Amino acid sequence: MALKLYGVSDGPPSLSVRQALKWLNIPFELINVDFGKGEHMTPKYAQMNPQKEIPVLDDDGFFLGESNAILQYICDKFKPTSELYPQDPKLRAIVNHRLCFNLSTYYANISAYTMAPIFFDYERTDLGLKKVKMALDVFETYLSKLGTSHVACDHLTIADFPLFNSTMTLEAIGFDFSKYTKIYNWYINFKKNYPELWKISEDAMKEIQHFASNPPDLRNLNHPIHPIRKVN
Ligand SMILES: N[C@@H](CCC(=O)N[C@@H](CS)C(=O)NCC(=O)O)C(=O)O
1 MALKLYGVSD GPPSLSVRQA LKWLNIPFEL INVDFGKGEH MTPKYAQMNP
51 QKEIPVLDDD GFFLGESNAI LQYICDKFKP TSELYPQDPK LRAIVNHRLC
101 FNLSTYYANI SAYTMAPIFF DYERTDLGLK KVKMALDVFE TYLSKLGTSH
151 VACDHLTIAD FPLFNSTMTL EAIGFDFSKY TKIYNWYINF KKNYPELWKI
201 SEDAMKEIQH FASNPPDLRN LNHPIHPIRK VN
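Per UniProt numbering, residue 1 is the first one in the sequence shown, and the count goes up by one each step.
Listed below in structure tokens is the structure:
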């Protein structure tokens, strides 16, 4: 049975998985999950992913959430010799480290500042900005220390995708990160060198920008955590 990916069109974790599947030429069916309608919060969805988060991969009834785990699984299962997820233990460790860094720090800090105030009733705060700058500083340091063209080595790996998509949300809100020269150059080069992968992120960025100017009406979402903005 064809691989299925339950994804949301403007969600960075979903974009990263789509980019890996595209790069690896793995056929899959993309099932759009309507975040605004709370399709990811239904009991049926929770059967697939008890975290009620998007994306979820369905490999013939094997359900996997957490985009990092999905990225690792699709490489291991379908393209085990691909350079996208190297076998060399040290190189693989750096890839895994950068995936963890994105999940725990980079995306966590950046999305709270870029995405959350677009979709929910949050303000951008000075503390939030400090956290973004801290994340950028650390990422800049990692890139400087390695001195490679990509985030883990001198070629594309699965670690590039999530870090790229987190950074894309900064561009989406017009946040100038050009003084982080290593990040900036890596980001620009990704766009230039992988236009078909950038297209996936670019379409999402346009959606995010649309929502930034036209806040979505999520009053029917009944979200268990996030405060819903009042829309006139
Ligand atoms: N750590 C998860 C995060 C996934 C995630 O947060 N996805 C968002 C959409 S971009 C979501 O489903 N949020 C659920 C909610 O806010 O209700 C991953 O990398 O897959």
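Built from N, CA and C at the ideal position, the CB exists for glycine as well.
The model shown is predicted, which means the values in this text are computed figures rather than measured ones.
Residue span of the beta strand (DSSP E) that contains residue i, given as start and end
i	result
Val56	56 to 59
Phe139	Phe139 -> not in any beta strand (DSSP E); alpha helix (DSSP H) instead, spanning 126 to 146.
Leu163	No beta strand (DSSP E) holds Leu163; the alpha helix (DSSP H) holding it covers 160 to 172.
residue 258	Only positions 1 to 232 of the chain appear in the structure, and residue 258 is not among them; the question remains open.
Endpoints, the alpha helix (DSSP H) within which residue i is located
i	result
Gly7	Run containing Gly7: none in the alpha helix (DSSP H); it sits in the beta strand (DSSP E), 3 to 7.
Leu64	Taken as a continuous stretch (DSSP letters only), Leu64 belongs to no alpha helix (DSSP H), being part of the beta strand (DSSP E) at 62 to 64.
Anticipated Cβ contact below 8 Å, residue i with residue j, distance rounded
i	j	result
Leu15	Ser201	6 Å
Val151	Asp160	5 Å
Ala20	Ile158	6 Å
Pro190	Phe164	According to the sequence shown, residue 190 is Phe rather than Pro. Confirmed, Cβ separation roughly 5 Å.
Ser166	Pro12	6 Å
Phe120	His40	The pair is not a contact, with the Cβ atoms about 15 Å apart (cut-off 8 Å).
Beta-carbon spacing of residue i, residue j below 8 Å
i	j	result
Asn68	Leu24	no
Val8	Ile54	yes
Pro91	Pro162	One detail in the question is off: residue 91 reads as Leu in this sequence, not Pro. Going by C-beta atoms, Leu91 is not nearer than 8 Å to Pro162.
Gly38	Asn185	no
Residue i CB to nearest heavy atom of ligand 1 below 7 Å
i	result
Phe63	no
Phe35	yes
Glu202	no
Gly11	yes
Quick check: the segment 25 to 40 against the segment 53 to 65, are there 3 or more CB pairs under 8 Å?
-> yes
Stretch-stretch touch, CB-based, cutoff 8 Å, three pairs: the segment 70 to 78 with the segment 32 to 47 = no
Are there three or more Cβ pairs, one per stretch, closer than 8 Å when the segment 109 to 128 is compared with the segment 164 to 183?
-> yes
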